[in-house]
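To start, the structure under review is shown below, and the notes come after it.
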Amino acid sequence: MRFSSVKGVNFSGVCACVPANAVDNMTSGAELFGEDIENAVKATGVRTRRVCTPGTTALDLSVTAAKKLLENYPISPSDIGGVLFVTQTPDHDMPNNASRAAHLLGLSTACAATDASLACSGYVYGLWLGALMARSIEAPLLLLAGENHSYSTSPYDRSTALLFGDAGTATLLTPSASEEEWRFGFLTDGSQYDVLIVPEGRARHPFNERSLEYETWPDGGVRRPIDIRMDGMAVFNFVVRNVPGCLSSLMERNGVAPEELDLLLLHQANLYMMKQVAKKLKIPLDKMPVSLDRYGNSSSATIPVTICSELQKNVADKPHRALVSGFGAGLSISAVLMNLGPCVCPGVIEYP
Amino acid sequence: MDKTNAPQFINEIADIIEADPQALSLESDFRESADFWSSLVGFALLTFLEDQYGQVLSVDEFIECKTVGDLYARAHGKGE
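Protein sequence lines correspond, in order, to chains A and B.
Going from the first sequence to our numbering is simple: count from 1 and add 513.
Going from the second sequence to our numbering is simple: count from 1 and add 10.
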């Protein structure tokens, strides 16, 4: 892993926004899976997931979450100096989401705004980059993390059809005099770039007249070339072989024993996979909150969604020693040891 | 074949397939006994045999395994 320490930033608040439209997997997957549907739902751990209705995007969800957060925090939009938007489903290739979000939220033009293109490792990367930005500009920063992968998921592909949910989140990072350090670690394996990929639609394979055609692929999946293709076994292999070791080395480096942790906050990838990671780290499952069953896998948004859905009351009053980690497309692993809370947390809200 | 560490092996298999260890024996069909069966669970079993016992099974060899006892035999380097 590559390590980094950042101090002088406070995790001041977090809010999540999900589409009101809840899809029940037993119903939506019935035709694709037939009598295997119950097993398939158990295998992913996703019972329901939230899906955008046409015309709604991750930008809408994230801006709504941010507005709710700012209503509940004593700060004026004009005090915010930056926006970092983590997403791989921006409204447009150009301009980025962050610039439009800054305007929609009423920030002054004296702000720095940029997107970061990251998937499931994205939230922790967002905390790292956002913290560095906030410290450097000496002003509060909004970290927005949101995804609407439902638009690029094939309902006819058994490896992905039940998995992805949409969500948008907002986290407020504020510079502080605190000496507390956030201790990060990163690992990147680009040799496996194609095990979790949207093959067509950008520079390498531009959008063309066949991009919207469903085809049957060698792995048996029926997808359009602009749909997510996931080699589930390769991702699982990467995660179980690398994530526990990375997290252990981060803890060892910082003299933290697993027993000292209050929380293991993992990206909500797949319930079985998360449990395997926790077991290898010898961290009891009651320290690992789960939101996947109700909200699905919303990529970089799953960690803040989980904080908002499972820890809203916990984080209000006191700090919790947390090991937070995301892992996925890249392939990429990010992790941080930090105290979570006390902070403002309005919880999960719905859109519209 | 020495079966002295069979109880420990059964516990480890129970953990991987998310089954009740009390309800599992060497005679149990591990696919049936799993809380749910998926390719990830199968993969986790293969990884376990490789990492803990140094035994790398081919797909066909794994398909031939039906019971926890079959896995135990493979773990100790015994086919069939």
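For glycine and all other residues, C-beta sits at the position ideal for the given N, C-alpha and C.
Which of helix, strand or coil DSSP assigns to residue i
i	result
A:Asp775	coil
B:Pro31	helix
A:Val522	strand
A:Tyr669	coil
B:Ile23	helix
B:Glu90	For B:Glu90, the predicted model reports a pLDDT of 48, less than 50, meaning its position is unreliable and no value from the coordinates is stated.
A:Cys856	coil
A:Glu551	helix
A:Phe516	strand
A:Ile925	The displayed coordinates of chain A run from 514 to 865. Any statement about residue 925 of chain A would go beyond what the structure contains.
A:Met743	strand
A:Arg736	strand
B:Phe40	helix
A:Thr602	coil
A:Val711	coil
Span of the beta strand (DSSP E) around residue i
i	result
A:Glu484	It is not possible to answer for residue 484 of chain A, since the shown part of chain A is limited to 514 through 865.
A:Ala629	625 to 629
A:Thr866	Residue 866 of chain A cannot be examined here, being either before or after the span of chain A that is shown, 514 to 865.
Buried versus exposed call for residue i [16 or more other C-beta atoms within 10 Å across all chains shown]
i	result
B:Asp61	exposed
B:Glu90	Per-residue confidence for B:Glu90 stands at a pLDDT of 48, beneath the threshold of 50, marking its modelled position as unreliable; no derived number is given.
B:Val51	buried
A:Ala842	buried
B:Ile73	exposed
A:Phe720	exposed
A:Tyr638	buried
A:Glu660	buried
B:Val66	exposed
7 Å CB neighbourhood of residue i in its chain, flanking five on each side removed
i	result
A:Leu760	Leu794, Leu836, Ser838, Ala848
B:Pro17	none
A:Ala644	Val519, Val522, Leu686, Trp695
A:Pro855	Val828, Ala829, Asp830, Lys831, Pro832
B:Phe40	Ile23, Ile27, Thr77, Val78, Leu81
Range covered by the alpha helix (DSSP H) that runs through residue i
i	result
A:Ala644	635 to 650
B:Thr57	49 to 63
A:Gly659	Taken as a continuous stretch (DSSP letters only), A:Gly659 belongs to no alpha helix (DSSP H), being part of the beta strand (DSSP E) at 654 to 660.
B:Phe72	69 to 74
A:Ala814	No alpha helix (DSSP H) contains A:Ala814, which DSSP labels as neither H nor E.
A:Asp806	805 to 808
A:Thr540	538 to 541
A:Ala770	No alpha helix (DSSP H) holds A:Ala770; DSSP gives it neither H nor E.
Contact under 8 Å by Cβ, residue i with residue j
i	j	result
A:Cys858	A:Cys528	yes
A:Ala632	A:Leu572	no
A:Ser525	A:Phe697	no
A:Thr570	A:Asp604	yes
Cut-off 6 Å between Cβ atoms - residues of its own chain near residue i, not counting five sequence neighbours on either side
i	result
A:Phe546	Ala553
A:Val790	Val756, Pro757
Residues near residue i in its chain [Cβ-Cβ closer than 8 Å; skip 5 each side]
i	result
A:Asn585	Gly526, Cys528, Val857, Pro859
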